[in-house]
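Numbering (my numbering), first residue to last: 239 to 425. Note that beta-carbon positions come from the ideal geometry of N, C-alpha and C, so glycine has one too.
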Amino acid sequence: MEYYWIWASVLVALGAGLAMLEVFFPSAGILGFLAASSLITAVVLAFMQNSVLGVVLLVVELVGIPILIAVGLKLWPNTRMGKRVLLTPPDSKDVLPTDPEKERLRELIGQQGRAKSKMLLSGLIEVDGEKVDAVSESAPIEVNQPVLVVRVQGNRVVVRPVDEEPATPPADPLDQTFDDPFEVPPA
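Here it is in structure tokens:
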């Protein structure tokens, strides 16, 4: 009795191992060629043993090897060699130039100030004694009206008008008295 299935199994394991090594160690395709050769030879030997075994092994190779390579590529950046070969993307803080003026404007976010000019769309505000060009978020802002710095877009400070009066809490609805519409007035 012929034992081609044993050699086919050995060649599949060898081919999978060589394919995995090709992912981890670039060899100009030599390991990939050897892996493909051993996998093809394994399918041929499996068909020589039995056609059902050949079809099963062919399907296993067509599905399993791409999954094995995908898992290898997923794990490779975490290996010591993968960390050496692959570059890590730099942080935006490292790449973008720092602008002290923009940093100063970003520190104003959330602070309150007063409009120093009428702001139909843009104008001058004062925050902590510092005058800054600003843009109204929505409505026109009158002179000396309190404003809140909402965000910074580019080199423009965006503000929103703030009510001067503190919001009064609504009255308790249970304390309110209501006229009874069905009450008959005294005669």
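Check whether the Cβ atoms of residue i and residue j lie closer than 7 Å to each other.
| i | j | result |
| --- | --- | --- |
| L386 | V396 | no |
| L343 | V390 | yes |
| Q349 | V365 | yes |
| A284 | A251 | no |
| L249 | A280 | yes |
| Y242 | M286 | yes |
| A254 | L295 | no |
Report all residues from its chain with a CB closer than 7 Å to the CB of residue i; omit the five preceding and five following residues, and keep chain order.
| i | result |
| --- | --- |
| L256 | L269, L272, A273 and S276 |
| W314 | V261, F262 and G320 |
| I278 | none |
Assuming residue i and residue j form a contact by the criterion Cβ under 8 Å, report the distance between their Cβ atoms to the nearest whole angstrom.
| i | j | result |
| --- | --- | --- |
| K369 | K354 | 6 Å |
| E375 | R398 | 5 Å |
When burial is assigned at 16 or more other CB atoms within 10 Å of the CB, is residue i buried or exposed?
| i | result |
| --- | --- |
| A377 | exposed |
| G267 | exposed |
| I244 | exposed |
| V293 | exposed |
| G367 | exposed |
| I347 | exposed |
| L324 | exposed |
Assign residue i to one of three DSSP states: helix, strand, or coil.
| i | result |
| --- | --- |
| A280 | helix |
| Q350 | strand |
| A257 | helix |
| G392 | coil |
| S355 | coil |
| E345 | coil |
| E339 | helix |
| E421 | coil |
| A372 | strand |
| E267 | Residue identity check: residue 267 is Gly in the sequence provided, not Glu. The answer is coil: DSSP assigns G267 none of H, G, I, E or B. |
| E299 | helix |
| L325 | coil |
| P304 | helix |
Excluding sequence positions up to five away, which residues of its chain have a Cβ less than 8 Å from the Cβ of residue i?
| i | result |
| --- | --- |
| E339 | N393 |
| L358 | S374 and P378 |
| S218 | Residue 218 cannot be examined here, being either before or after the span of the chain that is shown, 239 to 425. |
Check whether the Cβ of residue i lies closer than 6 Å to any heavy atom of the ligand COA, and answer yes or no.
| i | result |
| --- | --- |
| P338 | The ligand COA is absent from the structure shown, which contains no ligand whatsoever. |
Kindly list the residues whose CB is nearer than 6 Å to the CB of residue i, restricted to its own chain and excluding five residues on each side of it in sequence; keep chain order.
| i | result |
| --- | --- |
| A372 | I363, V395 and V397 |
Within the 7 Å Cβ cut-off, does residue i reach chain D?
| i | result |
| --- | --- |
| R352 | Considering every chain present, this structure includes no chain D. It has just one protein chain. |
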